[in-house]
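Peer 1: The structure under discussion is supplied below as structure tokens; questions concerning it will follow.
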Amino acid sequence: MSSLEEIDFKIDRLPKGLQEKFRELYSNGNGNEAVHYLHPNEIYLGDARQLLPQIEPNSIALSVWSPPYFVGKEYEAHLSFQNWQDLLKTVISLHFPVIKPGGFLVINIADILVFRDPSMPRIQAEAVNRKRSPITRDDVLKAMADHPDYNRYQLAKLLGCSEQTIDRRLHGNNIRGGKYESQTRVKIVGGLVEEWALSAGFYPYDRRVWVKDAAWENSRWTSLSYRSVDEFEYLYVFWKPGITKFDRKRLSADEWKNWGSRGVWYIPSVRANNDHEAKFPVELPARVIRLLTDPGDIVLDCFMGSGTTAVAAIRENRQYIGIEILEKYVTLARQRVSTENLTMEK
């Protein structure tokens with residue numbers, strides 16, 4: 001069994017609860033212990049934090065995955081923001097011993113566009129072009145000055161409008177996220193991911209932008225704000241120190257020109273997320289796999305979801321290890337892999 005020194009891993013970088021687990025797993029002992037690592041070309045049911053330590057050290061050429069984005073999906077409903085941070089920080093730390101020296105960790109993630117912030121003042125908007133009543137805020141303020149004892153109902157009767165109109169003119173009619181809920185803002189996540197990766201021992205190597213289909217259905221608030229729709233995500237590429245193989249023959253000249261050397265990738269979104277809430281297109285991990293690995297290498301996805309990364313690995317003649325915490329998605333991923341293997345055999 002590999003020792004902690006051989007895998008070049010600082011155990012004190014891990015959360016305290018996992019340090020003892022690693023000491024036990026990677027201790028040489030008397031050298032007679034049977035080591036049972038996760039086998040390639042399998043999708044495992046379980047928590048990534050429990051299964052990552054069971055992967056053979058220095059065996060993964062590339063880990064590419066998309067974690068929960070903290071945007072309220074079904075599979076992340078139980079997570080607080082602190083829980084979410086702890087999850088990602090721990091998972092990134094657990095990658096360092098299993099990635100080959102010179103290998104890569106690639107994280108597909110997006111900024112949190114609806115991040116609740118109780119400390120943020122309310123955003124109040126006057127929708128000039130959508131008013132049903134000609135009454136303005138100035139009209140209401142003048143009426144209040146002329147009749148300081150009037151309540152909202154009396155002001156509405158005086159001005160010939162509804163009580164709601166009085167309230168809107170005074171307090172704004174676009175308090176995003178609900179009248180009695182915290183205001184929301186954008187939370188930039190790139191700095192957090194960089195911090196966690198550096199703490200684990202990785203170094204930022206590259207970043208790409210994936211331009212997907214504009215998510216109009218998820219961005220209805222744009223009609224009453226200047227915010228943009230959700231239509232891009234990031235690919236953050238982190239490197240583990242070591243010798244990195246560079247082979248221009250991995251891609252054709254046209255592929256290098258069109259996307260291999262380009263910082264922005266235009267790839268359409270999956271048209272139907274009917275069996276998983278957050279599928280990404282096979283082309284996304286396939287490009288990363290072709291760019292950063294060779295045939296036969298092992299590719300890891302510790303948030304496997306519906307199995308897209310495994311499908312991409314099979315198509316590119318790579319091995320894979322998948323980890324997924326929800327049984328229904330493990331079943332789905334295994335079905336997709338089985339179908340893909342049958343297709344490749346034809």
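Going by full-length UniProt numbering, 90 is the number at position 90 of the sequence shown; the sequence numbering is gapless.
Every residue gets a Cβ at the ideal spot worked out from N, C-alpha and C, and that includes glycine.
At what residues does the alpha helix (DSSP H) containing A48 begin and finish?
Peer 2: 48-51 is the span of the alpha helix (DSSP H), which, as asked, contains A48.
Peer 1: Do we get a CB-CB distance below 8 Å when we pair V35 with the residues of chain C?
Peer 2: Judged by its chain identifiers, the structure shown contains no chain C, having just a single protein chain.
Peer 1: Take the Cβ of S228 as the centre, count every other Cβ of all protein chains shown within 10 Å, and call the residue buried at 16 or more, exposed below.
Peer 2: So S228 ends up on the exposed side.
Peer 1: My parser needs the alpha helix (DSSP H) runs of 4 or more residues fully inside the segment 150-217; what are they?
Peer 2: Runs of the alpha helix (DSSP H) inside the segment 150-217: 152-159, 163-171, 190-200.
Peer 1: Locate the beta strand (DSSP E) running through D301, then write down its first and last residues.
Peer 2: From DSSP, the beta strand (DSSP E) with D301 extends over 298-301.
Peer 1: Quick check on the DSSP output: the alpha helix (DSSP H) that includes P285 runs from which residue to which?
Peer 2: It spans 283-292 - the alpha helix (DSSP H) in which P285 sits, taken as one unbroken run.
Peer 1: What did DSSP end up calling S63 once you bin it into helix, strand or coil?
Peer 2: Of the three classes helix, strand and coil, the one that applies to S63 here is strand, per DSSP.
Peer 1: Let me know the beta strand (DSSP E) ranges lying completely inside the segment 223-266, each 3 residues or longer, listed in chain order.
Peer 2: Entirely contained in the segment 223-266, the beta strand (DSSP E) runs reaching 3 residues are, in chain order, 232-239, 264-266.
Peer 1: Is the segment 277-291 close to the segment 39-58, with three or more CB pairs under 8 Å?
Peer 2: The segment 277-291, when compared against the segment 39-58, does not touch it at the 8 Å Cβ threshold.
Peer 1: So is G307 buried or exposed if we call it buried at 16+ other beta carbons inside 10 Å?
Peer 2: The residue is buried, with at least 16 neighbouring Cβ atoms inside 10 Å.
Peer 1: How many Å lie between residue 368 and V330 at the Cα?
Peer 2: Because residue 368 is not part of the residues shown, which for the chain are 1 to 346, the question remains open.
Peer 1: Measuring only the C-alpha atoms, how far is K249 from V237?
Peer 2: Taking the straight line joining both Cα atoms gives about 21 Å.
Peer 1: How is F96 classed by DSSP in three states: helix, strand or coil?
Peer 2: In the structure shown, F96 sits in coil (DSSP, three-state: anything other than H, G, I, E or B).
Peer 1: What residues match up with R116 in a beta bridge as DSSP calls it?
Peer 2: In the DSSP output, where bridge partners are listed per residue, R116 has T184.
Peer 1: By a C-beta neighbour count over all protein chains shown, 10 Å radius and 16 as the cutoff for buried, is R262 buried or exposed?
Peer 2: Exposed, by the Cβ-count rule.
Peer 1: Which of the three DSSP states, helix, strand or coil, is assigned to N108?
Peer 2: Note: N108 maps to strand in three-state DSSP.
Peer 1: Return the bridge partner residues of G307 from the DSSP annotation.
Peer 2: Note: G307 sits in no beta bridge, so no partner.
Peer 1: Can you find the residues in the same chain that come closer than 6 Å, C-beta to C-beta, to A110, ignoring five residues on each side of it along the sequence?
Peer 2: Y69, E233, listed in sequence order.
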